[in-house]
Structure formats: C-alpha cells, structure tokens
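Chains as they are written, first to last, in my numbering: chain A, 5 to 531; chain D, 135 to 486. Cβ coordinates follow ideal geometry from the N, Cα and C atoms, glycine included.
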Amino acid sequence: MSASSLARLAFAFALAACALLPAGYLLLTALPILLDGGWLAHFATTSLPHQARTSLWVALEASAVAFAVGAIPAVMVSRFEFRGRHLVSLLALLPLLFAPYVTASTWTVSFSSAFFEGRHALAIQHGLTCSPYVFIVFRVAAARIPNSFSELAAGLGLGPWQRLRRVHLPAYAVPAAAGLMIVFAQAIGDYAAAERLGIDTLSVGVLNLWLASQSSSVAAIVSVVMIVPSVLLVGVAAWASTSIISRNPVPPASAAASRKPLAATWARAIVAWSALCSLAGFWIPEALTVRWAWLTWDKTRFAAIPGDMINAAGTSLCTALVVAVICALTALLLRSGGRSSLAERVPWLFLTNYFLPSLVLALAFVMMSRDGSLGAHWLGSWRDSRLLIVVSEALRFLPFAMLPVLDALRRTPHATIEAARAFGAGPVRARLVAFAGHLWPALLLGCALVFMESLKELDMSLTLQPFGYSSPALKIYAFSRHQNMDRAAVWVLISQALMLLPLLLCWWRMDRLGVPRSESGARTAAA
Amino acid sequence: MTDLKQRWIPSLLILLGALATSVGSVAQQRELRVISDRTDQGTLRPILDAFEARSGAKVIGVFMDQGLVNRLESRPTEADVVITKDAELLDIAAQRGLLDPIKSAKISASIPPEFMDPAGRYFVDAYRARIIFYSRARVKPGDLSTYEDLAGPKWKGRICLRSGSHDYNLALFGQFFASFGADKAREVISGIGANLARAPKGNDREQARAIFEGKCDVALMNTYYHPLMAANAEQKAWADAVGVYFPSQAGKGTFIMRSAAGLTKATDNRDLAIGLLEFIASKEGQQLMVDRTKQYSVLPDVAVHPLMVSLGAEQGLVDGKFKVDFVPLDKMAGKREEVIKFVNEIRFDAER
Chain A
5 MSASSLARLA FAFALAACAL LPAGYLLLTA LPILLDGGWL AHFATTSLPH QARTSLWVAL
65 EASAVAFAVG AIPAVMVSRF EFRGRHLVSL LALLPLLFAP YVTASTWTVS FSSAFFEGRH
125 ALAIQHGLTC SPYVFIVFRV AAARIPNSFS ELAAGLGLGP WQRLRRVHLP AYAVPAAAGL
185 MIVFAQAIGD YAAAERLGID TLSVGVLNLW LASQSSSVAA IVSVVMIVPS VLLVGVAAWA
245 STSIISRNPV PPASAAASRK PLAATWARAI VAWSALCSLA GFWIPEALTV RWAWLTWDKT
305 RFAAIPGDMI NAAGTSLCTA LVVAVICALT ALLLRSGGRS SLAERVPWLF LTNYFLPSLV
365 LALAFVMMSR DGSLGAHWLG SWRDSRLLIV VSEALRFLPF AMLPVLDALR RTPHATIEAA
425 RAFGAGPVRA RLVAFAGHLW PALLLGCALV FMESLKELDM SLTLQPFGYS SPALKIYAFS
485 RHQNMDRAAV WVLISQALML LPLLLCWWRM DRLGVPRSES GARTAAA
Chain D
135 MTDLKQRWIP SLLILLGALA TSVGSVAQQR ELRVISDRTD QGTLRPILDA FEARSGAKVI
195 GVFMDQGLVN RLESRPTEAD VVITKDAELL DIAAQRGLLD PIKSAKISAS IPPEFMDPAG
255 RYFVDAYRAR IIFYSRARVK PGDLSTYEDL AGPKWKGRIC LRSGSHDYNL ALFGQFFASF
315 GADKAREVIS GIGANLARAP KGNDREQARA IFEGKCDVAL MNTYYHPLMA ANAEQKAWAD
375 AVGVYFPSQA GKGTFIMRSA AGLTKATDNR DLAIGLLEFI ASKEGQQLMV DRTKQYSVLP
435 DVAVHPLMVS LGAEQGLVDG KFKVDFVPLD KMAGKREEVI KFVNEIRFDA ER
C-alpha cells in the first residue's frame, strides 16, 4: 500500500471517528448500564411505540408538504423557461430565514384555532422548513437530466404516464431519497417546535425523560433508541448512494440548453403556487414579526444588539469555516472521480448527527468535556469558549455541505487531475484546478446553508454556551418562553439580516444552475 | 496569480485562528460566575445588577433552563453560584455531591430553618403556590375545593395543564406522593390526566389563554402568573378572564414551588459567592425578589407584593396569606423517578 493510500485511509478513519464520536460516546456510555433502573424497558413498554408512530406520521406528512412546496417548483424552474422563474426560486428559498420553533411560536401566539396547535400544523411547519432544501436538491438534480431521455421514450411510443413511470420517476429517485432523508431527520429530531405545540413525538419523549430525570445516564440509555436506527439508516443510505445509484455524467448545460418554454397559464399557476406556499412559510410570520418589532421598538435593548450580532455571526462563520475545511480536506485527500467506497461512503456518516435531536448531541458534548475527561484535558481553556458550540454545530450541519461536495467529487473525473499533473501542476494545485468547476460552487452553497442553520440553531447554544455568551437565538428563546414573541421579534429580524447575504448567494446559485457557460459568460460581459 | 491561489489555505487557517482567538474574553475585573435556569433578560438580572453595584464585581452567567444539573455535574467548578427556579433540582445536585455547605452566619440567621437544606448546601430564596386558575365566566369559586377534587368526573374535559414531565408538575406530583401517599397520588394524577381538555402543551400562561379562549375551564398554574399577565398589555385579557383559587385551604393546605440558591464546589471566588447569597437572603434582596418575581419571600418581615394581596380574596383569604401543605424537600427525595415513570406510564402527555 502506497503512502498516499495510507494517508487516505487514515483520513477516512479520522472522518468516521469525528462523525460518529457523539453517537458512539453515548452508546458506549449507555451499553454497560442499558438495563440499569429499568429505564429502557419502561420507555419501550410505555410511551415509545406511540411516540415513534406519531413521529413517523409527522415525518410522512411533512415530506408530502415539503415535496409539494419544494420539488414541484424546482422541477418546473429546471425544465421550463417562463416568466417568473427567478421569483419562484426566491420564494422557494425564503423559509430558510425562519427557525421552525420561531414560526411555531408565531403561529400559536397569533392564532388561537386548535389546528395551529395540532399534529398536522407541526407537520406543515416541518414541511415548510424543509421545503427550501427539497427545492435545492431537486433543482440541482433536475438541471442534470436532459429532456432527450423523455423525448427518446416518446419517440419509442411511450405515453405520458409510461414516461412518468419509466423515465421521470427513476430519474428523480436520488433527489427524492435525499429530500426524504432531510425531512425525516428534521421532523424526527426536532424537539423545540413539537414541545411548543405539545405533540408527543419520539424526541419529545426521549428529551422529557432526560430533562425530568436530570440524569445523563438516563439520557444516554433512552438516546439509544434514536442512535441505533439513525446509524443503520445512514449506513443504508450511504451504501445505496454509492452502490445502487448510477453516476450521471450528463453536464448541466445539456439539460439547460433544452429547457422548454412553459405555457402562460401553467407559468402563472406555478408562480401562484409558490407565492401561496411562501405566504405560510415566510410572508405571514414575517409580517407578524415586523409588526411586533415595530410595536415594541421602544422596549428593545439596542445596546445589546451589536455584541449579539458579532457573537452570532462569529460563531456561525467559524462553524461554516470548520465545515469548509473538513470538506476541502475531504476533496483534496480522498480520491475524486472513479469509484471509491471510502471517499463516497465515510462522509455520509456525518448525517447521523443530523438525525439525532440537537439536545442529545449537545448532551454528548457536555458529557465528553466533563471535568477530568480526556476531552476537557485536550481542550483546556478552550472548553470554556464557544468552540464546543462551533464543533457540535459543524458536526450536525456538515452534511449540508459534505453531500453536495461528494456529488461534485463524483462528477470530477480523476483523469482531469492526472492531466493537470501531466502539465506540471503539483498534487494540490492539480486538484484545485480540476475541482474548480464542480466542487467550489457546491462547497460555497453548502457553507452558506451551514451558516444560516448555525444562526438559527438553539439547543447547542443553550446547552454549551460559555459564560457571558449571548446570541439572537438565545434572546428569541428567552422571550418566546413567556409568549413574548413581540419582544423576540427584533431579534428574529436581526438574525434574518445576518442570513440575507447567504440567502442571496443560494438564490444566485440556484438561479445560475443549468445556465450554459457561454450564456453565463455573455451575461457577465454584458453586466 | 498562482501565488495568490496557493496562499488561500494558510490565509483561511489564519482567519479561522483569529476568529477563534477572539472568542475568549479578557477579564478586566473580578468576575462572579452564576449558572441558572432563569433567563438573563428576566427576573434575575435586576438582583444581579444590584449585587454588582454593591460589590463592584461583575456577574457573568450561563442561563439555561434545560439540563442544568447535567451541566453542573459535568463541570462542578465552572460556576461559583447556582440559582434555580426549582429547588428540587438543587436538592438533586446536592445529593450528587455538587454543592458545598454555605458557611454564613447571616444566612443561617435570616433564612427560616424549614427553607434551609438540613446539610446547609442550599436555601430556598422564595416560593410561589401552584394553584387553580379558573374561568370567571364558567366556574364559581364554590365549585372548587381540593387538588383531589380535580380528578373527579365533574371536571371531565375541562382541565388544561402544561406537560406532566415539566419540573413544575413533577414537583407538584412529587408532593402529591409525599402528602397523599403513593396510591392516592396515582389516583389523583390519573384522574387529572383523564380530565384534560387537550394534550398538555405550552407553558403556564398558555393555560390561562386557553381558559380565556374557552378551550377549558380550570388550570393548575403558579400564583405569580396572574400579576405578570395583568401587567402585560397582550396578556391582560387572559388575566382578567381568570380567577385564582388556593386549593385545600380547609384541609392540609396548598402546595408550593420553591426557588433556591446554592454554592458550587468552586472556591476561587468563595467570598464573592457567599456575598451574593447573603444579598439574596437579605431583606433588600428579598424585596427585589418579591418585586421582580412576584413570589413570596421566605423572610416573614417582607410583605406580600401588593399585586398578590388580593389573590384568594374571593375564597376568604386575607392579605394574600394562605395555608401551606409544606412538604420538606428531603421527603421528596427518590419520589421524582417514581413520578416520571408514572406520568409516562399513564401517557399523561399523549394527544387527546
């Protein structure tokens, strides 16, 4: 085995260890005491089956909402040319500006109908929250599927339904699976929104047992019921993504070049649909938030705003940078192009951390860094900084950048690197050049998403905060606990202001997807 | 150009390092570290501000209402003082060896013995009662009597409550176990659960709102929510729609919830930490506590807050004073686990 192969192997193991560290730690903690106190048996025989069923239903309903709101506009934007395409992309991404627990609080404070407190409302909430991700996943996938497949099938005499079944549905299997993973992880792992609405989901059950008992051991024991299925599911997903799903070498340009014009009626319908969905996902909660902020302007402690903004932006930027560094190292050190099970499968393990409720992840970090532990020893005084927030958030949100990077790696033929080497470039420079087309845009998009998620994240900031730490998310939480969403409104707007730039970046990227290079160049020249 | 591109990795690492370095703050003055499950924005800050003004020290905190004991267990010396809205959590912390005895003659002299941990590791700094809030429009005070009565059939589908797993209800149910005995307590908790109008959700204020909106007729809430809601323009209508009733006044009395403060194992700032605790236990600190939190002071000579005086007048209470069914915290030791499992067993929080 060559030195470079050994280095790759070592890096792959390091990645796997990082990815599974929190879950592995909780499992190792729980295993020796799994049957102590009868907590596992108690949980399994009382609320667990009902809570698991509720979580499953919420996740399924949320998936239906997310696909209706995100996937349909994504496919239309990718496949057709119509007036309002850019607007549809923007409307689809706007729900990224709200954390689900904020919208859940906004809806319940503003409206008293029982519907807004029910299971269906929670599912809609999660569906709307995840819809931008479903949009992005489908937008990227659809930009690569050329119309010629469908035209070929039509030429062979297949009717519309047969084409849907035999061409379109298989082509969208990958983004559908990825979208489902995201929605299920969000819906099953969420605690804040479900607890706010009083829906007895699995994560609420697990965390209530922990918070009520105030026992790390109980938390570790009951977390096993979420960790084991998560790791198994992620393992299957990693295997499926690399073994079943074929690589699609068709460049985006060929799909874009064949984008068809859409009839005006359909165009109006899709714009109206996107606008309608964004009403619930963004405009109504945003209007309420702006109104509250206006009404409570005089009660706002403006002196705290700059510090909190710097804190939040600093933490999120560090999180995004850590993610970027890990992704870049993955790209540089693991083999690109041709099949490499290590390169493709190991980073998927990070998805496990997205499936776990963020409070469980935070608890793992609290336990791992306890006094006298190796973690505390290694971290030293860094333990008392926001480093733990950054690391835990990076582990949780890393899939948002890592999976697009893996996809980009798959589409970068190894021959490109070899050619660059043949022309005299060093190993790093050869990769930088080879990845320029696919990988860096994917990494940039992923890091923008990580930055936004990190800004909205609450549980890890709450549990791992260093002394004197404050952020808009903590302020929003503090006010919303007492139904004072009006006082929280200013802080919601501040966090949205910080998210504006990455949101615009995502919009620009989504808008640009599938634009042939020549057209893009012409646009730039014209500008 | 090539050089520029090749320099991006070190530049990135330098930027990362600079950002991370900015994380630490440089201590300029003496700092006292407080960990609490209260919020920085709310009731605690004025007390801390007053102590800062008096001592010249800066009080910095970690304010987290989830997993407080776990964090303390993980880092027993990172904070000097721990302040909690639920004394039962401090009792758990004390049992796990996370607190040091408070050696202060001032505190021993001022805090009544029933509000002091027998081993002196924490003291109760204030308390509130967990009472019945009822719809003025649909319920008469004469319809109400005891906690046990809420388990009866006449309240079927008429009760609202926050999660049975929340600290407040665990503390209440734990007192049921200690005061009524396990069998009776199980019967009462099951009965209340069966009478809920909807799945337990939200916090205490949301139960008052549900009464205001006609979703239910009675709720179990803490006393201070009435004046706090009345002072909030958005929530005043909820406060106006509900009356308060102190249960079991003809019997053993009403159960209370206690907030508390204690000393961690950290020793660097022991004098400052004891100073803060002494301030909280002083008449000035207690007055601030009453003014800000609308709780009842543990000092007999600190009067009930004016907005609390009228509570219970409809049932004949005078000056807001009521009979307490006092359950010492050490008598609730071990009950919490039993309560948690029972609440889960009867699926108290399930959808209805």
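Residue nearest to residue i in terms of C-alpha spacing, selected from the options
| i | options | result |
| --- | --- | --- |
| L283/A | F86/A, L132/A and A307/A | L132/A |
| L487/D | Q341/D, L463/D and V443/D | Since the first residue of chain D shown is 135 and the last is 486, residue 487/D is not available in this structure. |
| L321/A | F401/A, L31/A, I231/A and V229/A | F401/A |
| V228/A | R167/A, T356/A and V329/A | T356/A |
| P77/A | V454/A, V326/A, S373/A and C281/A | C281/A |
| A467/D | A191/D, E222/D, Q421/D and A187/D | E222/D |
| K237/D | L397/D, K428/D, E479/D and Q449/D | L397/D |
| A400/D | M442/D, R343/D, E412/D and V216/D | V216/D |
| A335/A | P265/A, L95/A, S475/A and R415/A | R415/A |
| A346/D | G209/A, L367/A and S117/A | Per the sequence presented here, residue 346/D reads as Phe, with Ala not at that position. The candidate whose alpha carbon is nearest that of F346/D is S117/A. |
| G254/D | Y268/D, A239/D and F267/D | A239/D |
| P381/D | I390/D, D374/D and L304/D | I390/D |
| A273/A | L38/A, E457/A and V92/A | V92/A |
| K475/D | Q420/D, K290/D, L304/D and I266/D | L304/D |
Distance between residue j and residue i (C-alpha atoms, nearest Å)
| i | j | result |
| --- | --- | --- |
| A493/A | A297/A | 5 angstroms |
| V79/A | F142/A | 7 angstroms |
| A23/A | L448/A | 21 angstroms |
| E248/D | A291/A | 51 angstroms |
| L166/D | L31/A | 36 angstroms |
| V160/D | D402/D | The pLDDT assigned to V160/D is 43, lower than 50, so where the model puts this residue is not dependable; a value taken from the coordinates is nonetheless given after this. If you take the alpha carbons of V160/D and D402/D, they lie about 17 angstroms apart. |
| A395/D | V168/D | 10 angstroms |
| A317/A | G441/A | 29 angstroms |
| P174/A | V144/A | 16 angstroms |
| F404/A | R295/A | 33 angstroms |
| S219/A | V203/D | 8 angstroms |
| G325/D | R264/D | 18 angstroms |
| G336/D | T112/A | 10 angstroms |
| W372/D | D225/D | 34 angstroms |
| E212/D | L206/D | 8 angstroms |
| L468/A | A366/A | 7 angstroms |
| A180/A | M423/D | 55 angstroms |
| V443/D | V452/D | 8 angstroms |
| R292/D | S299/D | 20 angstroms |
| G450/A | K219/D | 41 angstroms |
| F109/A | Q166/A | The sequence given here has Ser at residue 109/A, not Phe. One C-alpha to the other measures close to 45 angstroms. |
| P492/D | S393/D | Lying before the first or after the last residue shown, residue 492/D is absent from chain D, which here runs from 135 to 486. |
| M185/A | A34/A | 26 angstroms |
| H439/D | V432/D | 13 angstroms |
| A244/A | A446/A | 21 angstroms |
| S250/A | V240/A | Since pLDDT at S250/A reaches only 49, below the 50 mark, its modelled position is unreliable, and no value is offered. |
| P516/A | A147/A | Here residue 516/A is Arg; the residue named in the question, Pro, does not match the sequence. So the alpha carbons of these two residues sit roughly 10 angstroms apart. |
Interface residues of chain C facing residue i [CB-CB closer than 9 angstroms]
| i | result |
| --- | --- |
| S458/A | Considering every chain present, this structure includes no chain C. Its protein chains are A and D. |
Neighbourhood of residue i by C-beta distance below 8 angstroms, restricted to the same chain and skipping five residues each side
| i | result |
| --- | --- |
| V171/A | F153, S154, A157 and L162 |
Residue interval of the alpha helix (DSSP H) (run including residue i)
| i | result |
| --- | --- |
| F47/A | W43 to T49 |
| G159/A | S152 to G159 |
| N478/D | K469 to E479 |
| M198/D | Note, M198/D: premise wrong, no alpha helix (DSSP H); not H, not E. |
| T293/A | I288 to L299 |
Cutoff 7 angstroms; reference residue i; Cβ partners in own chain excluding five residues on either side
| i | result |
| --- | --- |
| K303/A | R491 |
| D174/D | G195 and F197 |
| L445/D | T357, H360, V378 and G454 |
| K139/D | Residue confidence for K139/D is low, a pLDDT of 47 falling below 50, so the modelled location carries little weight; the figure read from the coordinates is stated next. Excluding sequence neighbours, K139/D sits near nothing in its chain. |
Any non-hydrogen atom of the ligand MG closer than 8 angstroms to residue i Cβ
| i | result |
| --- | --- |
| A216/A | As for the ligand MG, it is missing from this structure, which has no ligand bound. |
Own chain partners of residue i with C-beta closer than 6 angstroms, once the 5 adjacent residues on each side are dropped
| i | result |
| --- | --- |
| K370/D | A364 |
| A368/A | P26, Y29 and L30 |
The beta strand (DSSP E) enclosing residue i, as first and last residue numbers
| i | result |
| --- | --- |
| I265/D | Y256 to S269 |
| I226/D | Counting along the chain, I226/D falls outside any beta strand (DSSP E), though it belongs to the alpha helix (DSSP H) covering A221 to Q229. |
| V73/A | Run containing V73/A: none; DSSP gives neither H nor E here. |
Which residue spans inside the stretch 413 to 459 of chain A form an unbroken alpha helix (DSSP H) run of at least 4? Residue ranges of uninterrupted alpha helix (DSSP H) with 4 or more members, entirely inside the stretch 413 to 459 of chain A and ordered along the chain, are 418 to 426 and 431 to 439.
Contiguous alpha helix (DSSP H) assignments of at least 4 residues, all confined to the stretch 353 to 409 of chain D: 359 to 364 and 370 to 375
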